[in-house]
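S.K.: Have a look at this one.
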Amino acid sequence: MNNYIKIVHIILLFFLLIAKTEAGEVFYSTEPIKAEIPDSTKIDELREILVYEETRPAAPGFFREILYWIGDIIRLIFSDKGAIPYIRYLIITAFLIFVIVKLFNIKVNSLMYSKKEINSINISELDASMKSTDLEEMLKKALGDKNYRIAIRLMYIKLLKQLSDHEIIRWEKQKTNFDYRYEIKEEQLRSEFDTLSNTYDYVWYGNFSVSESYFTHIKNDFFKLYKQIGKKEE
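What the sequence shown shows, in our numbering, is residues 34 to 267, in sequence order.
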């Protein structure tokens, strides 16, 4: 049995050597190489058929350059390099705020007041330092134009001026109505002043649209307090 296996191994080895020898053999041709040169007429015909021209892409127009520029910005916005993700979130947040403001018709000026400013008054352009004649003239014009919101502001300034003239308060430009209320010693006067101050805040800082009937009611309250302050001088 062992002899049989050895014989098989010898036969396989023999065939492997033959196959390797045949694969490694290289045959060279002994025939001379003949170079064929094409006819000159044929070369000229090929030159006419095959036209070699260098075609360059046309330069992009102005509109296409703008599109490329916008595309670069968009790719930059949506990339994750450096602080770009944070800038992207800021842009998205600003856009959402813009949509909300436009959708609900929110007045930006009203958002710029702090809680303290909305609940108080800080006399700026029109204040109690103006002359009484000028104040009355402006109030008369506001009533003639039926601009009741401006009229209420002017009546409130007139109230501060009257309180200051009677030395009930000490008017200063930087003070608020909260500052003035603590200067009023008489409890009833302070209570009525608080009521008109709240009305003023509601109308002026709340951008409240004032009807004629509502203004008539408020006007009576103001003039009632004017009269009460005037009596203190008697």
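A virtual CB, placed ideally from N, CA and C, is assigned to each residue, including glycine.
The structure presented is a predicted model; accordingly, all values stated were derived computationally and were not measured.
How would you call L109, buried or exposed, if buried means at least 16 neighbouring beta carbons within 10 angstroms?
M.R.: L109 comes out exposed.
S.K.: In whole angstroms, what is the alpha-carbon distance linking Y233 and K194?
M.R.: In a straight line, the C-alpha of Y233 is about 15 Å away from that of K194.
S.K.: If we ignore side chains and look at the alpha-carbon of each, how far apart do I185 and F96 end up?
M.R.: Straight-line Cα distance between these residues: approximately 56 Å.
S.K.: Can you check which of these residues, I106, F248 and H250, is closest to S120 by C-alpha distance?
M.R.: Correcting the residue identity first, residue 120 is Ile in this sequence and not Ser. The shortest C-alpha separation from I120 is found at I106.
S.K.: I'd like to know whether the C-beta atoms of R203 and R214 end up nearer to each other than 7 Å.
M.R.: Cβ atoms of R203 and R214: not closer than 7 Å.
S.K.: Going along the chain, which residues of its own chain have a beta-carbon closer than 8 Å to the beta-carbon of T228, five neighbours each way excluded?
M.R.: Within the same chain, T228 has close Cβ partners D254.
S.K.: Which residues in the same chain have their Cβ closer than 6 Å to the Cβ of Y189, if we skip the five residues on either side of it in sequence?
M.R.: Counting only Cβ-Cβ distances below 6 Å, and skipping sequence neighbours, we find Y233.
S.K.: Could you check if E169 belongs to the surroundings of the ligand GTP, using beta carbon to heavy atom distance under 6 Å?
M.R.: The ligand GTP is absent from the structure shown, which contains no ligands of any kind.
S.K.: Hey, would you say F226 sits closer than 7 Å to I217, going by beta carbons?
M.R.: Going by C-beta atoms, F226 is nearer than 7 Å to I217.
S.K.: From the DSSP output, in three-state form, read off V243 for me.
M.R.: In this structure, V243 counts as coil in the three-state DSSP scheme.
S.K.: Do you know offhand how far I201's Cα is from S244's?
M.R.: Distance between the alpha carbons of I201 and S244: 32 Å.
S.K.: Do L176 and K191 have their beta-carbon atoms positioned less than 7 Å apart in this structure?
M.R.: Cβ distance not < 7 Å, so K191 and L176 don't count as in contact.
S.K.: Buried or exposed for S165, please, with buried defined as at least 16 other CB atoms from any protein chain shown within 10 angstroms of its CB.
M.R.: So S165 ends up on the exposed side.
S.K.: Kindly provide the ranges of any alpha helix (DSSP H) runs that are 4 or more residues long and lie completely inside the segment 175-252, ordered along the chain.
M.R.: Within the segment 175-252, the complete alpha helix (DSSP H) runs of at least 4 residues are 181-198, 210-216 and 220-237.
S.K.: If contacts are defined as beta-carbon pairs under 8 Å, then I125 and H199 qualify, I think. What distance do you get, rounded to the angstrom?
M.R.: Actually they are not in contact, since the Cβ atoms of I125 and H199 sit about 57 Å apart, beyond 8 Å.
S.K.: Rounded to whole angstroms, how far is the Cβ of L187 from the Cβ of M171, which I believe are closer than 8 Å?
M.R.: That pair is a contact at about 6 Å.
S.K.: Once the 5 residues before and after G104 are set aside, which same chain residues still bring their CB inside 6 Å of it?
M.R.: There are no such residues.
S.K.: Excluding the five sequence neighbours on either side, which residues of its own chain have a C-beta within less than 6 Å of the C-beta of S230, listed in chain order?
M.R.: Cβ neighbours of S230 beyond the five flanking positions: N210.
S.K.: How long is the line joining the alpha carbons of Y181 and W237, rounded to whole angstroms?
M.R.: Roughly 10 Å between the two C-alpha positions.
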